[in-house]
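Protein chains: 4
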Amino acid sequence: MTSPPAPPQSRRWRRRAEARPEEILEAALAEFIKNGFEAARMEDIAKRAGLSKAGVYLYFESKEVLLKALIRAKITPLAEQAAVMAAAGAANPLFALRAIADMAVRLLRDPSRLAVPRLVIGLSARFPDIAEHYRTHAAEIALGALIGLIETAMAKGQLRAIDPRAAARAFIGPMFFEAMWTHVLGGESGLGDPEKLVESHFDILLNGLEVRA
Amino acid sequence: MTSPPAPPQSRRWRRRAEARPEEILEAALAEFIKNGFEAARMEDIAKRAGLSKAGVYLYFESKEVLLKALIRAKITPLAEQAAVMAAAGAANPLFALRAIADMAVRLLRDPSRLAVPRLVIGLSARFPDIAEHYRTHAAEIALGALIGLIETAMAKGQLRAIDPRAAARAFIGPMFFEAMWTHVLGGESGLGDPEKLVESHFDILLNGLEVRA
Amino acid sequence: MTSPPAPPQSRRWRRRAEARPEEILEAALAEFIKNGFEAARMEDIAKRAGLSKAGVYLYFESKEVLLKALIRAKITPLAEQAAVMAAAGAANPLFALRAIADMAVRLLRDPSRLAVPRLVIGLSARFPDIAEHYRTHAAEIALGALIGLIETAMAKGQLRAIDPRAAARAFIGPMFFEAMWTHVLGGESGLGDPEKLVESHFDILLNGLEVRA
Amino acid sequence: MTSPPAPPQSRRWRRRAEARPEEILEAALAEFIKNGFEAARMEDIAKRAGLSKAGVYLYFESKEVLLKALIRAKITPLAEQAAVMAAAGAANPLFALRAIADMAVRLLRDPSRLAVPRLVIGLSARFPDIAEHYRTHAAEIALGALIGLIETAMAKGQLRAIDPRAAARAFIGPMFFEAMWTHVLGGESGLGDPEKLVESHFDILLNGLEVRA
DNA sequence: CATGAATGAGTCTTCATTCAT
DNA sequence: TATGAATGAAGACTCATTCAT
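Heads up: the protein sequence lines correspond to chains P, L, C and W, in order. Start counting the first sequence at -10; every next residue gets the next number (the numbering used here). Start counting the second sequence at -10; every next residue gets the next number (the numbering used here). Start counting the third sequence at -10; every next residue gets the next number (the numbering used here). Start counting the fourth sequence at -10; every next residue gets the next number (the numbering used here).
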């Protein structure tokens, strides 16, 4: 009678363990969004992630660490995306800008995309380091890529040669405002479907409001 | 010449009691901003307002009620200001818009002006009713006034006849974004002093980014 | 120049002031019954008595003092009644007993009559002195009067000569139990109207349960 | 003969956890009796049960829930006892009644037996649902059993055929009164030892007070 | 006599975090 | 790795009581 071979059933756990941090992060994001950082309970995060309260502490040593890890984890893709975006758009920057706006408007329909920025805004007073980290590792990189794109367009003579930061602001601002209005305040934009939104945004952005001769 | 009747200077307490709600509200705002709603301690609010913990409950029955009262109190002036603004600007709307932008940019330098909106953003997920109240009683009124101004300008032929809501968004968006960038993320705008900011904002807003013939 | 005579309008207050203690006592009883001693709030007592919270302290120096005054105030009439009862019944004790039972059963219909005893029961653990005071100044006096009546009846040969305390217990017990059952536990006695109650009570009390030859 | 498998003596915690609810209930009863529901402090209950304040909340979600669980827990044995009693006494109900009285009188010597009923009486005004629960799940069941016994005795011709509820009341009332008198009011019964008590109680109950021909 | 305002002391309850298993 | 059990520390809220007017 031979002893049975090592049971392979431990594999499942190994797999699970590897996926755990991400599961927890996801759960934490959901809870932080729903209730805010302070009001979110570790127990709920744990439950949502499918493990026990104590289990979360095996991966993240405290609630604050969990929060920071979360922000960090959500930042990387953004920065990468920004770099890709900038590189891809070098050939035809004006077209790239429109594509970006298109994408942005579509993304902003999805409340979960806005979740991290909203969280950061809410936490910025109490955790300035989180805000700064978000700025330097995400916001400034994305903005930098955008500015680069605009500068390229200016160099190509496709846009007027003015302060590119002001231009970038004019590009992002209205969309950001729209997103906040809709998702934070729960208001109706009254601007119709995404296509129209981008359309009128670009119309104003490129042509201005003033009556042309 | 008879001596005047006993002066009512004995009213120390009475005076205090009347001023109390506002004092508490002010203290609460400060604490909520510093620590967020959850982390703010009633005791600290009380201390800042110069009375005991229990004293606060004489005027506001709970922390949440205090928060809501605070938001409400901060909203009224905004709405009034918006109405005044709209009325005053009817004669020369374009000029009025620039004046508004001027004022707005200057206001946004002062972090305390942004405090309530930031608070609302941070709380919107957990207290949707607060967000809605803020929208209907402050944001929509101000936005409405702005839109009215823009419509007047369009009617007068000073601006192109396009969707006024899109125009309003293009007007506010960049300034809002700038404010968030500076005060929430702690970034440098890199756009220089207020005058220049308004200048470039209006340049783009009116003339657009595109190269004119 | 003579000073004006003391204004007589203070009369109303004087009147009020004299009635105040009793009003407060009444209000306190009501609140104590509704919520128990601990859960009763001085403010509610004050409101019910028609004055301010601080006003109560003009008459009773603390909540506990108020409680004790209340018990004391409710005790006196009981003891007096008992004495009267005993004296009046000496001539025909058996008849008096029935009259007493009649009255008792009728009183027990009124929950407010039972209020003080119930209060005392509830408080006896924490305020043994109150319980003792109630016993010595009310319960024992009433019971003593009853025993006296029973002894008289025995002396007259109307009742068997047995331990009068046991007889008194047999007289009161069932009615007391009935009252508790109805008012404390909220149960139906299932014994019909007061007359029947007294009837069957006396039937058993006098004749016993056993089948007679 | 192989050595027995590793004994599960390591279960210290597990054992503890299983026993905890009962320990807490016991502690709560003690504190509730000593101080009443309101004045009892959760911390004291916890300390008495041998855990921390927060620990109690692991088992009972609030003080009120704890109270209700306590009442419920103390009720079950009573109801069971009543059923047993009734069944056992069917053969010779009169004898059973005397046995019951004997037991009851002895039980009533022990103040802790009376604790729950006293608690219920004290709480009945503020928690009518507790009173009702006690009545339906304990008092009425016990009373029902007693009435059943009495009816059997009547059917057998051992007792007069009268309203059995009135008879039951005459049976319980004096003992209940005696218990309250002794334990609540702290009075002396003056009726001597338990045997005599039962003796005189039954004498009166069966034969009545009236002089027989 | 009367009270509005104020507070100190206290209690319930929650929750991030730890630990024995 | 995983968790059920446990807790220390903290905070919201209450209320009997005081006091200046």
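Quick reminder that beta carbons are idealized off the backbone N, C-alpha and C, glycines included.
Between the CA atoms of ALA104/W and LEU180/C - distance to the nearest angstrom: Walking along the third sequence from the start, residue 180/C turns up at place 191. Walking along the fourth sequence from the start, residue 104/W turns up at place 115. Cα to Cα, the separation comes out at about 28 Å.
ALA17/C beta carbon less than 8 Å from that of LEU204/C: Because chain C spans -10 through 202 in this model, residue 204/C falls outside it and cannot be assessed.
Find the residues of chain C that neighbour LYS215/W, judging by a C-beta separation of less than 9 Å, and give them in chain order. An answer regarding residue 215/W cannot be provided, because it is not within the stretch -10 to 202 covered by chain W.
Strictly by DSSP, which residues pair up with GLU199/L? As a first step, residue 199/L must be located in the second sequence, where it is residue number 210. Paired residue(s): LEU148/P.
First and last residue of the uninterrupted alpha helix (DSSP H) at VAL94/W: For this step, residue 94/W is matched to residue 105 along the fourth sequence. Note, VAL94/W: alpha helix (DSSP H), 82 to 98.
Helix, strand or coil for ALA75/C? Go by DSSP, reduced to three states. Translated into positions along the third sequence, residue 75/C becomes position 86. Three-state DSSP puts ALA75/C in a helix.
Helix, strand or coil: how does DSSP classify GLY111/L here? As a working mapping, residue 111/L is identified with position 122 in the second sequence. Residue state, collapsed to three classes: helix.
Skipping 5 residues on each side, what residues in its chain have a beta carbon closer than 6 Å to that of LEU97/W? Your numbering for residue 97/W matches position 108 in the fourth sequence. Here the set comprises ALA168.
According to DSSP, is GLY39/L helix, strand or coil? Taking the first residue of the second sequence as position 1, residue 39/L is located at position 50. It is coil, neither helix nor strand.
If the cut-off is 9 Å on Cβ atoms, which residues from the segment 154 to 177 of chain P count as contacting chain L, listed in chain order? ARG154, ALA155, ALA156, ARG158, ALA159, PHE160, ILE161, GLY162, PRO163, MET164, PHE165, PHE166, GLU167, MET169, TRP170, HIS172, VAL173, LEU174, GLY175, GLY176
Go ahead and pull the three-state DSSP assignment for ASP182/C. To locate residue 182/C, count along the third sequence from 1; it is residue 193. In the structure shown, ASP182/C sits in coil (DSSP, three-state: anything other than H, G, I, E or B).
Report the neighbours of ASP152/L on chain P: residues whose CB is nearer than 8 Å to its CB, in chain order. Looking up residue 152/L in the second sequence gives position 163. Result: LEU180, SER189.
Please return the same chain residues whose Cβ sits closer than 8 Å to the Cβ of ILE60/P, not counting the five positions on each side in sequence. By one-based count along the first sequence, residue 60/P stands at place 71. VAL105, LEU108, VAL109, ILE119, HIS122, TYR123, listed in sequence order.
Which whole-angstrom value describes the C-beta separation of LEU136/L and ARG149/L, a residue pair presumed to lie in contact below a C-beta threshold of 8 Å? As a first step, residue 136/L must be located in the second sequence, where it is residue number 147. As a first step, residue 149/L must be located in the second sequence, where it is residue number 160. In the sequence on display, residue 136/L carries Ile and not Leu. With a Cβ gap of about 15 Å, ILE136/L and ARG149/L do not count as contacting.
So, does the CB of GLY111/P fall closer than 8 Å to a CB anywhere in chain L? Taking the first sequence and counting its residues from 1, the one referred to as residue 111/P is at position 122. It does; some Cβ of chain L falls within 8 Å.
Alpha carbon to alpha carbon, how far is ARG9/L from ARG0/L? Give it in angstroms, no decimals. Along the second sequence, read from residue 1 onward, the residue named residue 0/L stands at position 11. Along the second sequence, read from residue 1 onward, the residue named residue 9/L stands at position 20. Residue placement at ARG0/L cannot be trusted, given a pLDDT of 47 that sits under 50; the coordinates are not used to answer.
Proximal residues of chain L, C-beta to C-beta of ARG124/P below 7 Å: Mapped onto the first sequence, residue 124/P falls at position 135. Near ARG124/P (Cβ distances below 7 Å), the residues of chain L are LEU174, GLY175, GLY176.
Locate the alpha helix (DSSP H) running through ARG30/P, then write down its first and last residues. Here the question's residue 30/P lines up with position 41 in the first sequence. Run containing ARG30/P: none; DSSP gives neither H nor E here.
Counting only C-beta atoms, is ALA85/P closer than 8 Å to chain L at any point? By 1-based counting over the first sequence, the position of residue 85/P is 96. So, not an interface residue.
Identify the contact partners of ILE193/W in chain C, using a Cβ-Cβ distance below 8 Å as the criterion. Along the fourth sequence, read from residue 1 onward, the residue named residue 193/W stands at position 204. By Cβ distance, chain C contributes ILE151, ALA155, ALA156, ALA159, LEU194, GLY197.
Do ALA114/P and ILE22/L count as a contact pair if the criterion is CB distance below 8 Å? Walking along the second sequence from the start, residue 22/L turns up at place 33. Walking along the first sequence from the start, residue 114/P turns up at place 125. Against a cut-off of 8 Å, the Cβ pair of ALA114/P and ILE22/L comes out as a contact.
Any idea if VAL187/L is buried or exposed, counting beta-carbon neighbours within 10 angstroms, 16 or more meaning buried? As a first step, residue 187/L must be located in the second sequence, where it is residue number 198. Counting Cβ neighbours within 10 Å, VAL187/L comes out buried, since at least 16 surround it.
Can you name the start and end residues of the alpha helix (DSSP H) that GLU167/L belongs to? The sequence position of residue 167/L within the second sequence is 178, counting from 1. Counting along the chain, the alpha helix (DSSP H) containing GLU167/L begins and ends at 153 to 168.
Can you tell me which of the three DSSP states GLU50/W falls into? Residue mapping note: residue 50/W aligns to position 61 of the fourth sequence, counting from 1. In this structure, GLU50/W counts as coil in the three-state DSSP scheme.
On the CB-based measure, 16 or more other CB atoms within 10 Å of its CB, does ASP182/L come out buried or exposed? For the purposes of this step, residue 182/L is taken as residue 193 along the second sequence, with counting starting at 1. Exposed.
Outcome for GLY205/L when other beta-carbon atoms lying within 10 angstroms are tallied against a minimum of 16: Lying outside -10 to 202, the shown extent of chain L, residue 205/L is not represented and no answer is given.
Between TRP206/P and GLY111/L, what straight-line distance do the alpha-carbon atoms span, to the nearest angstrom? Chain P is shown from -10 up to 202; residue 206/P falls before or after that span and cannot be answered.
Just the Cα atoms here: how many angstroms apart are ALA58/C and LYS52/C? In the third sequence, residue 58/C corresponds to position 69, counting from 1. In the third sequence, residue 52/C corresponds to position 63, counting from 1. Distance between the alpha carbons of ALA58/C and LYS52/C: 10 Å.
Taking contact to mean 3 or more Cβ pairs, one atom from each stretch, closer than 8 Å, check whether the segment 132 to 146 of chain W and the segment 65 to 83 of chain W are in contact. yes
On the criterion of 16 or more Cβ atoms from any shown chain inside 10 Å, does ILE189/L qualify as buried, or is it exposed? Position 200 of the second sequence holds residue 189/L. Ile is not the amino acid found at residue 189/L; the sequence shown has Ser there. Looking at its Cβ environment, which holds 16 or more other Cβ atoms inside 10 Å, SER189/L is buried.
8 Å Cβ cut-off: residues of chain C touching VAL200/W: Numbered from 1 along the fourth sequence, position 211 holds the residue referred to as residue 200/W. Within 8 Å Cβ-Cβ: GLY146, GLN147, LEU148, ARG149.
Between ASP91/P and GLU184/P, what straight-line distance do the alpha-carbon atoms span, to the nearest angstrom? The count along the first sequence starts at 1 and reaches residue 91/P at position 102. The count along the first sequence starts at 1 and reaches residue 184/P at position 195. Roughly 8 Å between the two C-alpha positions.
Sequence-distant residues of the same chain with beta carbon closer than 6 Å to MET204/W, five excluded per side: The displayed coordinates of chain W run from -10 to 202. Any statement about residue 204/W would go beyond what the structure contains.
Looking at chain L, is there any beta carbon in it that lies within less than 8 Å of the beta carbon of ARG107/P? Position 118 of the first sequence, counting from 1, holds the residue named residue 107/P. Interface residue, yes.
Contact with chain C by PRO183/W, beta-carbon distance below 8 Å: Position 194 of the fourth sequence, counted from the first residue, corresponds to residue 183/W. Not an interface residue.
Can you tell me whether GLU7/W is helix, strand or coil according to DSSP? Walking along the fourth sequence from the start, residue 7/W turns up at place 18. Helix.
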